[in-house]
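With the numbering used here as the guide, the letters of the sequence shown map in order to residues 4 to 49.
This report refers to the structure that appears directly beneath it.
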Amino acid sequence: MSVSSFREGLKESKLLGCVCEGCDNLMLPPRMICNKCGSTNLKEHC
4 MSVSSFREGL KESKLLGCVC EGCDNLMLPP RMICNKCGST NLKEHC
């Protein structure tokens, strides 16, 4: 998820994050790599 899509979500009163598909860790703001397990297999979550 890009910074611009995160900001657009905020403009629409949506808080966007991502969830690691490896360990189900929820991250706000979204990241490129899971800070819990190091996986790059992430999906958007709102």
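Even for Gly, the Cβ is constructed at its ideal location relative to N, Cα and C.
TODO: Quickly, what does DSSP pair Met30 with across the bridge? List them, please.
DONE: To locate residue 30, count along the sequence shown from 1; it is residue 27. For Met30, which the question treats as bridged, DSSP gives the partners Cys21.
Task: For Cys14, three-class secondary structure by DSSP - done: For the purposes of this step, residue 14 is identified with residue 11 of the sequence shown, where counting begins at 1. One point to set straight first is that residue 14 is Lys, not Cys, in the sequence displayed. Helix, per DSSP.
- [ ] Can you say whether Pro33 is buried or exposed, counting buried as having 16 or more other CB atoms within 10 angstroms of its CB?
- [x] What you label residue 33 is simply residue 30 of the sequence shown in a count that begins at 1. Label assigned to Pro33: buried.
Open item on the list: Whole angstroms are fine: how far does the CA of Met35 sit from the CA of Ser42?
Closed with: Reading the sequence shown from its first residue, position 39 is the one you call residue 42. Reading the sequence shown from its first residue, position 32 is the one you call residue 35. Going from the Cα of Ser42 to the Cα of Met35 covers about 9 Å.
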